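Position 121 of the sequence shown, counted from 1, bears residue number 121 in UniProt numbering, the numbering being contiguous throughout.
Everything on this sheet refers to the single structure shown next.
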Amino acid sequence: MNESDTALGDNRVRPNNASALAIAALVEQLGRQVQNLCFTRELAPVQWSALRYFAKAGSSARTVSGLAAYTGVNVSSASRTIQLLLTKGLVRTEPDLGDSRIRVVSLSQAGLDLLNRDPLAALANALHTLDHEEQASLRDLLEKVLFELFPKPFKTDGA
């Protein structure tokens with residue numbers, strides 16, 4: 001992927017987009033606040049993201065490379081995140097049945113218990129105040145913006 005394939009390729013401010021800039025500022029503020037929610041004594045935000053991913057991804061996707069693709073980081077960063085979760089006893093790994101070189105990650109009981117106290121629930125509760133149509137519209141619009149910024153294959157559902 002070359003630089004022009006991403007938002008970084010042409011990030012000049014264009015005239016007559018004050019509304020878009022105002023929305024971008026709101027998204028930035030929301031992102032910062034959610035990031036702050038996810039800094040807890042137990043885990044950093046990237047570790048929470050990994051727990052959520054492993055809780056909902058199918059077994060073939062619960063790998064280092066699956067986590068890397070989902071979170072948009074390189075494989076070594078994803079591997080470090082998994083190692084930290086292993087050290088904390090929040091996940092376990094086992095060899096893939098089809099390829100013993102691949103380790104499949106799953107949540108331990110401690111990981112499941114911690115995920116029940118996920119700080120992202122505060123955002124989910126706020127979104128729950130929107131009616132079904134508003135939630136669907138917001139989801140579709142956020143996905144559209146995400147794919148505009150990052151056109152590579154990106155799965156929002158963790159599958």
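Don't be surprised by glycine CBs; every beta carbon is placed ideally from N, CA and C.
Note that the coordinates shown come from a computational prediction; the quantities given were computed from them, not determined experimentally.
From the DSSP output, which residues share a beta bridge with residue i?
i: E133; result: Paired residue(s): none; E133 is not in a bridge.
i: V91; result: L107
Please list, in chain order, all residues of the same chain as residue i whose beta carbon is under 7 angstroms from its beta carbon, the five residues on each side excluded.
i: E42; result: L114
i: F54; result: R62, V91, V105, S106, L107
i: E148; result: none
i: T40; result: P119
Can you round the beta-carbon distance between residue i and residue j to whole angstroms, since I take them to be within the 8 angstroms contact cut?
i: T87; j: A78; result: T87 to A78, Cβ: 15 angstroms. No contact.
i: G84; j: Q47; result: Inspection of the sequence shows that residue 84 is occupied by Leu rather than by Gly. Indeed they touch by this definition, with Cβ atoms about 6 angstroms apart.
i: L67; j: T81; result: 7 angstroms
To which residues of the same chain is residue i closer than 8 angstroms at the C-beta, ignoring the five residues directly before and after it?
i: A122; result: L37
i: I23; result: none
i: L51; result: L43, L85, L90, V91, L107, G111, L114, L115, D118
i: L130; result: L138
Going by C-alpha distance, which of the options is nearest residue i?
i: R101; options: A50, Q29, S65, A25; result: S65
i: A44; options: L120, D99, L130, A126; result: L120
i: E94; options: N125, S76, L127, S60; result: S60
i: A126; options: S19, L30, L142; result: L30
i: A124; options: L141, V34, A20; result: V34
For residue i, which residues from the same chain have a beta carbon less than 6 angstroms from its beta carbon, with the 5 sequence-adjacent residues on both sides left out?
i: S49; result: T71
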